[in-house]
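Visitor: Chains as they are written, first to last, in my numbering: chain A, 1 to 335; chain B, 1001 to 1335.
Heads up, the beta-carbon is just placed ideally off N, CA and C, and yes, glycines get one too.
All values reported here derive from a predicted model rather than from experimental measurement.
There are 2 protein chains.
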Amino acid sequence: MPVTLKQLAARAGVHPSTISRVVNRDPGLRIAPETRARIEALIAETGYRPNGVARSLKLRQTFVVAVVIPDVTNPLFAGIFRGVEDVALTRGYNVILCNTDNLHQREASHLESLHARRVDGVILASATLADPSVARLRQLRIPFVLVNRYSDTRHAFVGSDDLLGGRLATEHLLSLGHRRIAHLAGSQKVSTALLRRRGYLEALKRAGLEPDPSLIVDGGFTEELGARAMERLLALPQPPTAIFAVNDMAAVGAQTVLARRGLRIPGDVSIVGYNDVPLVSRLHPPLTTIRVPPVRFGQTSAEILFEQLETGSASSRRVVFQPELVIRASTGAPG
Amino acid sequence: MPVTLKQLAARAGVHPSTISRVVNRDPGLRIAPETRARIEALIAETGYRPNGVARSLKLRQTFVVAVVIPDVTNPLFAGIFRGVEDVALTRGYNVILCNTDNLHQREASHLESLHARRVDGVILASATLADPSVARLRQLRIPFVLVNRYSDTRHAFVGSDDLLGGRLATEHLLSLGHRRIAHLAGSQKVSTALLRRRGYLEALKRAGLEPDPSLIVDGGFTEELGARAMERLLALPQPPTAIFAVNDMAAVGAQTVLARRGLRIPGDVSIVGYNDVPLVSRLHPPLTTIRVPPVRFGQTSAEILFEQLETGSASSRRVVFQPELVIRASTGAPG
DNA sequence: CGGCGTTGCACAAACGTTTGTGTTACCGTG
DNA sequence: CACGGTAACACAAACGTTTGTGCAACGCCG
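Laid out in structure tokens, this is it:
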């Protein structure tokens, strides 16, 4: 049922190339008005749509980009995707979404598949530090931009100042009078976690405090891992009076175990999260957190990607947004 | 840089078709072991990957499916996407994600684009009742399955029993002793909203109660719209003692205005939501809601879609899951 | 009226695969 | 030694476009 150029040409009594030029509005096309009308009528009648696959083959462009993220189920990444789709749409692009679950293996296999499909570019939100997948992307000469997390500083990147964010969160806690501030750290293989931790350490140092290694506990980005890390902290001889969690979900996990132990927030321990994902403002208590603009991440990274596609040359633009501390009821003066 | 079959063939001193057969492991291929070895070495050396676009053109299959949803930012739809991606991966498929924002125009334009790209199938989670887009899909002969919402009963569909869900929610409220139960209804153009409302009405009728039209207020699926609807309810001469919201976000919106007015939940008014999206269990108070399995929605719909792709014939299978009432602290006996 | 510049198209190659059908050389058999 | 069979490939068409170039026919000018 899908009509082809050749069939149309036969019915219109012209050569396929002529039809092609009218559907593509070739500006240099000189054509008799009646012929054009005949062709246009036929197009309307048959509902002809050029076969995108054939077009892509000929044009060496697929008009598809891919977004690779750890997990759409995480509102941060969902927001990023929205951002890129919104700008991709305006350029006539569609976007393939790939979830990696933070598995290198899965990330790599997605990339091979995307390469085979000849996507025009990829936006990678799942990069780790010195990520081999990023090297692969370069090797394959696939235009790409890193978002939220970076791999190293040579590549196009859009995200926010996680170092500052870590400092903001910690300084807030310090200003409330906390001295034993713990950090629920994420994997140090990802830039965001690394920088937030560094920001935490910097803030402590600026305040003249010696960081206590036992207060920095490697957890992860999930509720489950945040909860486990919190439990380890509570087992300490002298538990912290405040927590800075690497992200909101870890903070929520910590809240849960605190509540189970009958500890009050912020009475007994204050908590600050990171990202300000939906609904954390409605938790019990509402979570103090660091706000970042996920949709703008997506939009900006897409714009940089398309810039590369248009100029045909890789960019190493880095745009970093300022994170913002939003103070809610989960933080207060130490008991 | 991307190698082609022809280039490989030249270097290997064989015909392109021979290479093609070895990469595709053509079972009927008789080949000298040494030739095969030479070719395989060349493939490994050059990192050759068949051009997927050319393959698609020849095979008339793109190995791409699309998921069309209102908004990924909504965890329900994000979950559905995860489900379909998981099974698509096992079949070597990639998936394009499209957001419609519940705009018919945007839905239609996405569909045209997907058709032009010749995607192998689509999973549609944004259908309205008697949706023209669904008709278009049939007309274009694109295999598809509806998920969560249906358009009419002739098409493949996977979702849950929203009628039952609506009854469950309402009966729970009734069993607590509520008599003035309001319903924050969603758009009656979508099956889920329509059925949940019908379930609500049925439960009332079974309890021998006459539904009060002023207690059914058309809101929408967002926090904002839920809030507005709640305000209208509070302006009533005799406000309700309980609310059944069409989804969790609307319920959250209602909670907000209740809190602003100093009304206690569930002391003054009870609330039940729908979907059990992440974090509503951690709200203040934790939200009673109806749980549905979004990831299974996605998985199942993908399986049905692939079934169609394999058999080459449209299916009208309908699989509906049982929703589950999960009782939390937002509901209690009327004050 | 010859030549030239347009106008309005047609031609054909190319994009990179897949696959049904040759075709050659060789081996074994009677 | 002729013949059939098979092993190991080569050939070529096709998938549906795009685009540089070719080429009639026509009108116009000197």
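Alpha carbon to alpha carbon, what distance is there between Asp86 (chain A) and Asp71 (chain A)?
Guide: Distance between the alpha carbons of Asp71 (chain A) and Asp86 (chain A): 19 Å.
Visitor: Could you give the distance in angstroms between the alpha-carbon of Ala66 (chain A) and the alpha-carbon of Lys1006 (chain B)?
Guide: Their backbone Cα atoms lie some 28 Å apart in a straight line.
Visitor: With a cut-off of 8 Å, do at least 3 Cβ pairs link the segment 312 to 327 of chain A to the segment 156 to 171 of chain A?
Guide: Yes: at least three Cβ pairs fall under 8 Å.
Visitor: Could you name the residues of the segment 36 to 70 of chain A whose beta carbon sits closer than 9 Å to any beta carbon of chain B, in the order they occur along the chain?
Guide: Flagged, chain order: Gly47, Arg49, Pro50, Asn51, Gly52, Val53, Ala54, Arg55, Ser56, Leu57, Arg60, Thr62, Phe63, Val64, Ala66 and Val67.
Visitor: Can you grab the Cα-Cα spacing for the pair His1178 (chain B) / Ala1203 (chain B), in whole Å?
Guide: So the alpha carbons of these two residues sit roughly 12 Å apart.
Visitor: Once the 5 residues before and after Arg1198 (chain B) are set aside, which same chain residues still bring their CB inside 7 Å of it?
Guide: The answer, listed in chain order, is Leu1163 and Gly1166.
Visitor: State the Cα-Cα distance for the pair Ala127 (chain A) and Val1257 (chain B), rounded to the nearest angstrom.
Guide: Each residue's alpha carbon lies about 41 Å from the other.
Visitor: Consult DSSP for Ala1235 (chain B) and reduce its assignment to one of helix, strand or coil.
Guide: Coil.
Visitor: Pick out whichever of B:Ser1214, B:Lys1205 and B:Asp1248 has its Cα sitting closest to the Cα of Gly973 (chain B).
Guide: As displayed, chain B neither begins before 1001 nor continues past 1335, which places residue 973 (chain B) out of reach and without an answer.
Visitor: Quick check on DSSP: helix, strand or coil for Ala1182 (chain B)?
Guide: Strand, per DSSP.
Visitor: CA-CA distance, Pro213 (chain A) and Val272 (chain A)?
Guide: Distance between the alpha carbons of Pro213 (chain A) and Val272 (chain A): 19 Å.
Visitor: Is it buried or exposed, Ile1039 (chain B), if we count other Cβ atoms within 10 angstroms and call 16 or more buried?
Guide: Burial call: buried.
Visitor: What is the DSSP secondary structure of Glu1210 (chain B), reduced to helix, strand or coil?
Guide: Correct three-state label for Glu1210 (chain B): coil.
Visitor: Identify the continuous alpha helix (DSSP H) that holds Asp152 (chain A) and give its terminal residues.
Guide: Careful: Asp152 (chain A) lies outside any alpha helix (DSSP H) and carries neither H nor E.
Visitor: Since Thr1170 (chain B) is in the alpha helix (DSSP H), which residue starts that stretch and which ends it?
Guide: Here the alpha helix (DSSP H) through Thr1170 (chain B) covers Asp1162 to Ser1175.
Visitor: What's the call for Asp131 (chain A), buried or exposed, on a 16-neighbour Cβ count within 10 Å?
Guide: The residue in question, Asp131 (chain A), is buried, as its Cβ has 16 or more Cβ neighbours within 10 Å.
Visitor: Quick one: what does DSSP say Asp1101 (chain B) is sitting in, helix, strand or coil?
Guide: Here Asp1101 (chain B) sits in coil by DSSP.
Visitor: Whose Cβ in chain A lies nearer than 7 Å to the Cβ of His1115 (chain B)?
Guide: Ordered by position in chain A, the residues that pass the 7 Å Cβ test against His1115 (chain B) are Arg49.
Visitor: Identify, in the order they occur along the chain, each residue of the same chain with its Cβ nearer than 7 Å to the Cβ of Arg1091 (chain B), setting aside the five sequence neighbours on each side.
Guide: Once the five neighbours on either side are set aside, the close Cβ partners of Arg1091 (chain B) are Phe1306.
Visitor: Can you check whether the CB of Leu1233 (chain B) is closer than 8 Å to the CB of Ile1181 (chain B)?
Guide: No.
Visitor: For Pro1075 (chain B), does the count of other Cβ atoms within 10 angstroms reach 16, so buried, or fall short, so exposed?
Guide: Label assigned to Pro1075 (chain B): buried.
Visitor: Rounded to whole angstroms, how far is the Cβ of Ala156 (chain A) from the Cβ of Leu146 (chain A), which I believe are closer than 8 Å?
Guide: Ala156 (chain A) to Leu146 (chain A), Cβ: 7 Å. Contact.
Visitor: Measure the CB-CB distance between Ala1116 (chain B) and Gly52 (chain A) and report whether it falls below 8 Å.
Guide: Yes, Cβ-Cβ distance for Ala1116 (chain B) and Gly52 (chain A) is below 8 Å.
Visitor: At the 8 Å Cβ level, is Ala1078 (chain B) part of the contact set with chain A, yes or no?
Guide: Judged by the 8 Å Cβ criterion, Ala1078 (chain B) is in contact with chain A.
Visitor: On a CA-only basis, which of B:Leu1059, B:Leu1174 and B:Leu1279 is nearest Phe1244 (chain B)? Give me that one, please.
Guide: Of B:Leu1059, B:Leu1174 and B:Leu1279, the residue nearest in Cα terms is B:Leu1174.
Visitor: List the whole-angstrom C-beta distance separating Pro285 (chain A) from Ala329 (chain A), where the pair is believed to meet the contact cut-off of C-beta under 8 Å.
Guide: Going by Cβ atoms, the distance from Pro285 (chain A) to Ala329 (chain A) rounds to 4 Å, so yes, they are a contact pair.
Visitor: Below 7 Å on C-beta distance, what does Val1072 (chain B) contact in chain A?
Guide: Within chain A, the residues near Val1072 (chain B) are Val72, Ala78, Phe81 and Arg82.
Visitor: Quick check: does the Cβ of Gly1047 (chain B) come within less than 7 Å of any heavy atom belonging to the ligand ADP?
Guide: Summarising the ligand content, the structure contains no ligands, and the ligand ADP is consequently not present.
Visitor: For the segment 1269 to 1293 of chain B, list every residue whose C-beta sits within 9 Å of some C-beta in chain A, in sequence order.
Guide: For the segment 1269 to 1293 of chain B, which is checked against every Cβ of chain A, the residues closer than 9 Å are Val1277, Pro1278, Leu1279, Val1280, Arg1282, Leu1283, His1284, Pro1285 and Pro1286.
Visitor: According to DSSP, which residues form a beta bridge with Thr289 (chain A)?
Guide: Per DSSP, A:Val326.
Visitor: Within a Cβ cutoff of 7 Å, which residues of the same chain sit near Leu1097 (chain B), ignoring the five residues on either side of it in sequence?
Guide: Around Leu1097 (chain B): Val1067, Val1072 and Phe1081.
Visitor: Between which two residues does the beta strand (DSSP E) containing Asp1218 (chain B) stretch?
Guide: Per DSSP, Asp1218 (chain B) belongs to the beta strand (DSSP E) from Ile1216 to Asp1218.
Visitor: For the alpha helix (DSSP H) that Val1277 (chain B) lies in, which residues bound it at each end?
Guide: Looking at the DSSP string, Val1277 (chain B) is not in any alpha helix (DSSP H), and its letter there is neither H nor E.
Visitor: Just the Cα atoms here: how many angstroms apart are Phe1297 (chain B) and Val3 (chain A)?
Guide: Taking the straight line joining both Cα atoms gives about 34 Å.
Visitor: Would you mind stating whether Ala229 (chain A) and Leu287 (chain A) have Cβ atoms separated by less than 8 Å?
Guide: No, these two residues do not count as a Cβ contact at 8 Å.
Visitor: Since Ser191 (chain A) and Arg149 (chain A) are thought to touch, with beta carbons under 8 Å apart, how far apart are those beta carbons, to the nearest angstrom?
Guide: Rounded, the Cβ-Cβ distance is 5 Å, consistent with contact.
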